[in-house]
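Residue 182 in my numbering sits at position 101 of the sequence shown, and the numbers go up by one each step.
Working notes, structure below.
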Amino acid sequence: MKKQYQLAIALLASVTLQAAEPERFVSKVKLPSGQTAVVAEGDFEARSIGSFSVRLYEAASPEDATTFFTAGLVRPRDGSVEKVALVDVDGDKKPEIIVKVRSAGTGGYLSAHAFTFNAKALTLRGAVEGLAPEADVISALRKSNPKRK
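So, in structure tokens, the structure goes:
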């Protein structure tokens, strides 16, 4: 009887912990090259602060879109990932992966991170932080880019 009681408590605790886990941002983006990028907030981190990852996978059929890992980066975040977009911010006619983050709390300040990619590499192109809550993060990234064509 005691073992059944302990098992029931363990199962209840497990279900309660899983139910309490806040929803994480995770997004899969098909790139023009046929590759797939996955952007996700860090597992088991607070929603308001932590990290996010950008992972790059080889071009593949939809059922294998995240099978062949190529490259990845982990960045700190002050807030929650709000959006991922593909936009050319440096004027080279190729889109960058843009990750938009909104801070928690009263300010709701924005930050944005731009990543370039090719067949085998993923690189941080630039980042802007402390932007007003309604700022245009793409314009801010473009202004911060000294090599804009």
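Here a beta-carbon is modelled for each residue, glycine too, at the ideal position from N, C-alpha and C.
Measure the alpha-carbon distance for residue i versus residue j and round it to whole angstroms.
i	j	result
P143	S225	35 Å
T117	V135	10 Å
V218	R105	22 Å
DSSP on residue i, reduced to helix/strand/coil?
i	result
R223	helix
E144	helix
V209	strand
Does the beta-carbon of residue i have 16 or more other beta-carbons within 10 angstroms, so that it is buried, or is it exposed?
i	result
A213	exposed
K201	exposed
G189	exposed
V170	buried
Measure from the alpha carbon of residue i to the alpha carbon of each residue in the options, then state which is nearest.
i	options	result
A127	H194, V162, K109 and F149	V162
K164	R223, H194 and E210	H194
P176	V110, E104, V209 and S134	V110
Identify every residue that forms a DSSP beta bridge with residue i.
i	result
A192	In the sequence as displayed, the identity of residue 192 is Ser instead of Ala. DSSP lists V182 as partners of S192.
E64	Given a span of 82 to 230 for the chain in the structure shown, any question on residue 64 remains unanswerable.
K109	V119
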